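Heads up: the structure comes next, in structure tokens.
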Amino acid sequence: MTLNLSDLDRPNSYIGRTVPRPNAARLVEGRGQYVDDIVLPRMVHVAFYRSPYAHARIGAIETEAAAKVPGVLRIFTGADVAAICTPWVAVLAHLKGLKSAPQHAIAVERATWVGEPVVAVVAQTRAAAEDGVAALSVRFEPLPVVADMETALAPETPLIHPELGDNLVFHRLHEKGEVDAAFASAAHVVEATFHTGRHTGVCMEPRSILASYSRPENQLTVHHSTQAPHMMQTIFAKHLDLPEGNVRVICGDVGGSYGIKVHVYPDEMAVAAIAKAMARPVKFVADRLESFASDIHARDHRIKGRMGVDGEGRIVALEIDDLTGIGPYSVYPRTSAIEGNQVVNLCGGPYDFQTYRAQTTVVLQNKTPTCQYRAVGHPIATAVTEGLVDLAAEAAGLDPAEIRRRNLVADDAYPYTSAANMRFEGLSHHASLEKLLKLMDYDALRAEQATLRKQGIHRGIGLASFIELTNPSPFMYGIGGARISAQDGCTVRMDPDGSVVALSGVTEQGQGTDTILAQVVAEGVGVPIDRVRVITGDTQVTPYGGGTWASRGAGIGGEAALQAGLALRESILTIAAAMLQAEAGSLDVVAGEIVDKATGQARMPLAELGRIVYFRGDTLPKGLPRELVATRHFITSDYPFAFTNGAQASLVEVDVETGFVRLLKHWCVEDCGRIINPQLVDEQIRGGIVQGIGGALYEHCLYSEDGQLMTANMADYLVPMAAEMPDMVIGHVETPTRESLLGAKGAGEAGTAGAPAAIMNAINDALKPFSTRVAAMPFTPERILAALGTVPARRL
Amino acid sequence: MTTAFSESVGIALRVNGEPVSARVEARRHLIDFLRLDLGLTGAHAGCEHGVCGACTVQVDGLIVRGCLMLAVQADGCDVWTIEGQSDTGAIRDLQDAFIARNALQCGFCTPGMLAACADLLAHDPAPSRAVIREHISGNYCRCTGYEAIVDAVEQVAARRGASPRAAE
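Read top to bottom, the protein sequences are chains A and B. If you're matching positions, the first sequence starts at 1 in the working numbering and goes up one per residue. If you're matching positions, the second sequence starts at 1001 in the working numbering and goes up one per residue.
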């Protein structure tokens, strides 16, 4: 069985077509079911008393007044929960030297960031639980705070976890080639120090969990707003001392995730522990203030970069020194070292050079823990690389487009191993760049820019080539000892009426996973898409899998679904052949009918086949295999990741009087391999770009020197809103991966990966007449005015 | 905490065309009343400080933030949520356009976003893209990047203009 996926007119074709999302009809009517919409009998609510100090010893906890608040049922301290839930240490064996301290669901003895849970109050309603929290009295003894990552390793800086010996979590030095010699021989060496602002995901649906425990069955059932239900099943079982099979994690509608909901959160573990202790359903939905202080943060990096180019502007060497602060703990189970590690892996990625030195230093701080958020490390690596490439272009007297043409890895060079030892399968940097330049009419924009500049209008054009890491293999987590599945499975079943149910281990958080799985299964089996029902997000029902992260839904989950669909089609044809006294090979399934393959003539509807198999199986030959169900699993095997690539461009106007940046237009050309649903891919890219824009211009978790989060609500923490966002032009190059029949790579990180770099380069292009530049995100009006010398520069 | 705050108050109002009477805590927000007491979970509590717009519902013809209005303030009012608007078909064309244009991803902001978009079209039948963007700037969407939403509203405006009978 082969699929000629390039022919869109093939019969029963859905792969490659825009079809509407079946779940959208429900969501636009407000009939979604998010965790907070679920009400169970005898359900109680939890509210947390959270540390008001960034670092403090926890003294006496006075609970008497709180216990008397009407509606309050129980109060749990750290020690109470520790008796039910074991602590965890988030390390991975393959990240050598990575260390962290044991972390408890509720702080025991010491609080290490503002927002860490200290006490849990359980009550009949959330309001009563909050009343209980307000009536608590906790004595704290403040401890010295480690806030600045630049001095976290200084000898005079106090240790956050004295038992670790220092505040260093992880250090990696990667070296390839004769770096110093290459720099010495370079015609031009450019350097800069970049900062990326600490920011967070701001999912519209806050983190939510509803855990219930049945004592007679020793069964924990958790409705959870998560991206990785099977991973959470494993973790609940491990830390609450339950057999893994006795834990069921259900995730229905999830109101945004972006990587934020793929981690283990102490408060959520506490809720599951409390459910076990109280043997009744316990709900916790973070409020927005809790979200800002307790959702993981990301991208708090300072990166020094240096690039050497020869007389023709060809890159001869790259050096990167990355420093990142991750809060007081490495986040379980993915660890907080992955982001810095990705910066080392991805810097310089699109370019053809082999002389590279990079290090990442990961340190502790008394701030909210950081971990993986959409496009982990990508926007950092891309901004640094593309910022240096633009500087090099200027030094070499080249146009930014031209220096990229001279240095991008050739489209026929694959497989290609980068200076960071990343093995790329088949990327299309040149084709993507050329398509981008054509889409945006680069030359015309440059001419317009020159004209406007004479009128005092300062527009800038920024380019950024990028690579995106998707479809991870076990090399991402599994080899490090984490029970995070890199494979995924799909079970496809035909019911008596000829309809098909597909059960998949990947999950839906709005990307349209359910839709693309339906498309793939409809085509794989040979039925109309409205006869396919997709079920995801229930560990008791679906095959074990990794869930949705690193854009693996289409590439991993989709291939498993395709293979399962094709296997079911084979089973159907075997049965049909027996019934129709034909060769299986002479038949096909098209649009829900068994047809003669050669003529396309209809022979029998699937509903008739279903009727015979399920109700009149006696009429079929003895011993005929009659399983109308097939399961297939898929894992990538030839490459550790499916790398994708693309190029973005941004057109901005900088108001040099006010420092405001106006986004005029944004372009992205991306190569995510086989496109299953063009509209969904485009919208993943658009949404990703806007999250990238947030990091570039608005979003910043700001802390005071004593570790207080100063941007702790939506009024203080800015995210992109509709009025400031540009229209975005999306284009594609399609280089399917050969790892799978489907050929799909991921598309979810691309927009976020490249947008900040393109915007930074555009701003600096606009600022060129003033011989100044910015390199610290977010590029606020103040920072731009500081660069222009209009206002004094503040310490970062 | 004090007794005064936990006092309950009797209210009578219409919600989605149906009469409702209830005793509510004086401190109960309208969004919590709709979600927790009436089971109308379509509108969402996204920030509870009036910024994100996910809780937007219609009260006496005006769109309001369900997290900034107390349930007792809705006494005697006519309240419409996404469930009621869906059942009457009042914004069917807008909902269809959202589906066709994929103007939603996770769907959490969507009921509030639809309320804002419907309100705009009720007052300005032919808004420009800039006006649409401006009008929905009180509603967060973290998934779509907004462009698809702007496209959907633009399409509906054009279609309603082409066929005046379809206009609400």
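Built from N, CA and C at the ideal position, the CB exists for glycine as well. Predicted model, so just to flag it, every value in this text is computed and none were measured.
Determine the DSSP secondary structure at residue i, reduced to helix, strand or coil.
i	result
CYS1117 (chain B)	helix
PHE770 (chain A)	helix
ILE516 (chain A)	helix
PRO117 (chain A)	strand
ALA60 (chain A)	strand
LEU1036 (chain B)	helix
PRO778 (chain A)	coil
ILE250 (chain A)	strand
ARG374 (chain A)	coil
ASP495 (chain A)	coil
GLU175 (chain A)	strand
ARG1023 (chain B)	strand
SER586 (chain A)	helix
ASP596 (chain A)	strand
For the beta strand (DSSP E) holding residue i, just list the boundary residues, first then last.
i	result
THR507 (chain A)	Where THR507 (chain A) is concerned, there is no enclosing beta strand (DSSP E), given that its DSSP letter is neither H nor E.
ASP1078 (chain B)	1078-1080
TYR213 (chain A)	208-214
GLY387 (chain A)	First-last for GLY387 (chain A): 378-396, but that is the alpha helix (DSSP H), not the beta strand (DSSP E).
ASP241 (chain A)	ASP241 (chain A) -> no beta strand (DSSP E), and no H or E assigned at all.
ALA649 (chain A)	642-654
LYS622 (chain A)	First-last for LYS622 (chain A): undefined, no H or E at that position.
HIS732 (chain A)	727-732
SER1137 (chain B)	No beta strand (DSSP E) holds SER1137 (chain B); DSSP gives it neither H nor E.
TYR356 (chain A)	356-363
GLY325 (chain A)	315-325
ALA192 (chain A)	188-196
May I ask whether a heavy atom of the ligand HEM can be found less than 7 Å away from the beta carbon of residue i?
i	result
ALA25 (chain A)	In the structure shown, the ligand HEM is absent, as is every other ligand, since no ligand is present at all.
Which residues of chain A have a Cβ atom closer than 7 Å to the Cβ of residue i, listed in chain order?
i	result
THR1110 (chain B)	LEU27 and VAL28
LEU1114 (chain B)	VAL28
Determine whether the Cβ of residue i lies closer than 8 Å to any Cβ atom of chain A.
i	result
THR1056 (chain B)	no
GLN1105 (chain B)	yes
PHE1137 (chain B)	It is worth fixing the name first, because residue 1137 (chain B) is Ser in this sequence and not Phe. Chain A, which has a Cβ nearer than 8 Å to the Cβ of SER1137 (chain B), makes this yes.
ALA1148 (chain B)	yes
CYS1143 (chain B)	yes
GLU1048 (chain B)	yes
GLY1066 (chain B)	no
Of all the CB atoms in chain B, is at least one closer than 8 Å to the CB of residue i?
i	result
ARG374 (chain A)	no
GLY547 (chain A)	no
GLY256 (chain A)	yes
TYR332 (chain A)	no
TYR34 (chain A)	yes
ASP488 (chain A)	no
ASP588 (chain A)	no
TYR14 (chain A)	no
VAL719 (chain A)	yes
ASP37 (chain A)	yes
VAL690 (chain A)	yes
Counting only Cβ pairs nearer than 8 Å, list the residues of chain A close to residue i.
i	result
ASN1102 (chain B)	PRO20, ARG21, ALA24, GLY512, GLN679, LEU680 and GLU683
CYS1052 (chain B)	MET204, ARG288 and MET714
Using a Cβ cut-off of 7 Å, pull out every chain B residue sitting near residue i, in sequence order please.
i	result
ALA723 (chain A)	ARG1133, GLU1134 and SER1137
GLN509 (chain A)	CYS1106
GLY687 (chain A)	GLN1105, CYS1143, THR1144 and GLY1145
MET728 (chain A)	GLY1145 and GLU1147
ASP802 (chain A)	No statement about residue 802 (chain A) is possible, as the shown extent of chain A runs from 1 to 796 and does not include it.
Please list, in chain order, the chain A residues whose beta carbon lies closer than 9 Å to that of residue i.
i	result
GLU1083 (chain B)	GLU29, GLY30 and ARG31
Between which two residues does the alpha helix (DSSP H) holding residue i run?
i	result
HIS429 (chain A)	429-440
THR574 (chain A)	559-580
ASN407 (chain A)	400-407
TYR49 (chain A)	That residue, TYR49 (chain A), is in no alpha helix (DSSP H); its beta strand (DSSP E) goes 44-50.
Just to make sure I have the definition right: I need the residues of chain B whose C-beta is within less than 8 Å of the C-beta of residue i. Which are they?
i	result
VAL138 (chain A)	By Cβ distance, chain B contributes nothing, its closest Cβ being about 17 Å from VAL138 (chain A), past 8 Å.
List, in chain order, every chain B residue whose beta-carbon is nearer than 9 Å to that of residue i.
i	result
ASP495 (chain A)	Within 9 Å Cβ-Cβ: nothing; ASP495 (chain A) doesn't reach chain B, min ~26 Å.
Practice task
Pull out every residue of the region 1085-1099 of chain B whose Cβ sits closer than 7 Å to any Cβ of chain A, in chain order.
Solution key: So the list reads SER1086, GLN1095, PHE1098 and ILE1099, given in the order they occur along the chain.
Practice task
Mind checking the region 1013-1043 of chain B against chain A and listing, in chain order, the residues whose C-beta falls within less than 9 Å of any C-beta there?
Solution key: Per Cβ criterion, the list reads GLU1025, ARG1027, ARG1028, ASP1032, ARG1035, LEU1036, GLY1039, LEU1040, THR1041, GLY1042 and ALA1043.
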